[in-house]
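Peer 1: The structure is given below, and queries will be raised subsequently.
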Amino acid sequence: HDASPPKSDDAADALETVEIGVAVVVDRGYVLVGPRDDAAHRGQWEFPGGKLRSGESPVEAAMRECREETGIEVRVRQALATVEHVYPHRKVILHFVLAAPAKEGTRKNPSAPFEWKSVEDLARLPFLPANTEIVAWLKSHISRPAR
């Protein structure tokens, strides 16, 4: 009689870990970002990205998600950071990669709701907690856009 009661979904969700590839796309001082629309994070801003598929690397996921979410093909320049963040409902491991548009010098308009924002603009936008250190890095490493 060692049968333990079935775990509730809440307990399982609390332990769920999700790995996410995130593209930090920079082009001549502008960064590609968009607002969240899910109920839990509505009004918060983020970089394009999403869950890793089976067998996919963080870089591959970041490139694919950026293409799917924004319509912009990117090439990855370097890995930026891996950030673990525990939200009330799950733990996320975010793999941030620094990227640029695949075609240099053609800052294509992204699919809504994503848009190009200057690094200065990023400081005024509410980002999810897991993104704040990347925003700080951008402010210290990316020069102002050429006017």
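The numbering of the sequence shown is the numbering used here, which starts it at 22 and goes up by one.
Backbone N, C-alpha and C define an ideal beta-carbon position, used for all residues, glycine too.
Less than 8 Å separating the beta-carbons of phenylalanine 68 and asparagine 152?
Peer 2: On the sequence shown, position 47 is the one that residue 68 refers to. On the sequence shown, position 131 is the one that residue 152 refers to. Their beta carbons are under 8 Å apart, which means phenylalanine 68 touches asparagine 152 by this criterion.
Peer 1: Jot down the residue ranges of each uninterrupted beta strand (DSSP E) in the stretch 105–147, minimum 3 residues, whole runs only, in chain order.
Peer 2: 112–122, 136–139
Peer 1: For isoleucine 163, which three-state DSSP category applies?
Peer 2: As a first step, residue 163 is located in the sequence shown; it is residue number 142 there, counting from the start. Coil at isoleucine 163, not helix or strand.
Peer 1: Judging by CA-CA distance, which residue of Ala102, Leu101, Val140 is the nearest neighbour of leucine 53?
Peer 2: Counting from one through the sequence shown, the residue named residue 53 turns up at place 32. Nearest of Ala102, Leu101, Val140 to leucine 53, Cα basis: Val140.
Peer 1: Identify the continuous alpha helix (DSSP H) that holds alanine 44 and give its terminal residues.
Peer 2: Translated into the one-based positions of the sequence shown, residue 44 becomes position 23. Alanine 44 -> not in any alpha helix (DSSP H); beta strand (DSSP E) instead, spanning 38–48.
Peer 1: Would you call valine 43 buried or exposed, if buried means 16 or more other Cβ atoms sit within 10 Å of its Cβ?
Peer 2: The residue given as residue 43 occupies position 22 in the sequence shown. So valine 43 counts as buried.
Peer 1: Using three-state DSSP, classify glutamate 89 as helix, strand or coil.
Peer 2: Along the sequence shown, one-based indexing puts residue 89 at 68. Glutamate 89 falls in the helix class under three-state DSSP.
Peer 1: Can isoleucine 163 and histidine 116 be called in contact, C-beta distance under 8 Å?
Peer 2: Sequence index remark: in the sequence shown, residue 163 carries index 142 (1-based). Sequence index remark: in the sequence shown, residue 116 carries index 95 (1-based). No, Cβ-Cβ distance for isoleucine 163 and histidine 116 is not below 8 Å.
Peer 1: Grab me the residues of valine 47's own chain with a C-beta within less than 7 Å of its C-beta, minus the 5 sequence neighbours each way, in chain order.
Peer 2: Counting from one through the sequence shown, the residue named residue 47 turns up at place 26. Cβ neighbours of valine 47 beyond the five flanking positions: Leu119, Ala121, Ile163.
Peer 1: Would you decide whether proline 109 is buried or exposed? Buried here means 16 or more other CB atoms lie within 10 Å of its CB.
Peer 2: By 1-based counting over the sequence shown, the position of residue 109 is 88. Proline 109 counts as exposed, since fewer than 16 other C-beta atoms from the protein chains shown sit within 10 angstroms of its C-beta.
Peer 1: Exposed or buried, which one is glycine 70 when buried takes at least 16 other CB atoms within 10 Å?
Peer 2: Taking the sequence shown and counting its residues from 1, one reaches residue 70 at position 49. With 16 or more Cβ atoms within 10 Å of its Cβ, glycine 70 is classed as buried.
Peer 1: With respect to the beta strand (DSSP E) encompassing glycine 76, which residues constitute its N-terminal and C-terminal limits?
Peer 2: One-based indexing of the sequence shown puts residue 76 at position 55. Neither: glycine 76 is in no beta strand (DSSP E) and is coded neither H nor E.
Peer 1: May I have the straight-line CA-CA distance separating lysine 37 from lysine 138, to the nearest angstrom?
Peer 2: The residue given as residue 37 occupies position 16 in the sequence shown. The residue given as residue 138 occupies position 117 in the sequence shown. Checking the displayed sequence, the identity of residue 37 turns out to be glutamate instead of lysine. So the alpha carbons of these two residues sit roughly 33 Å apart.
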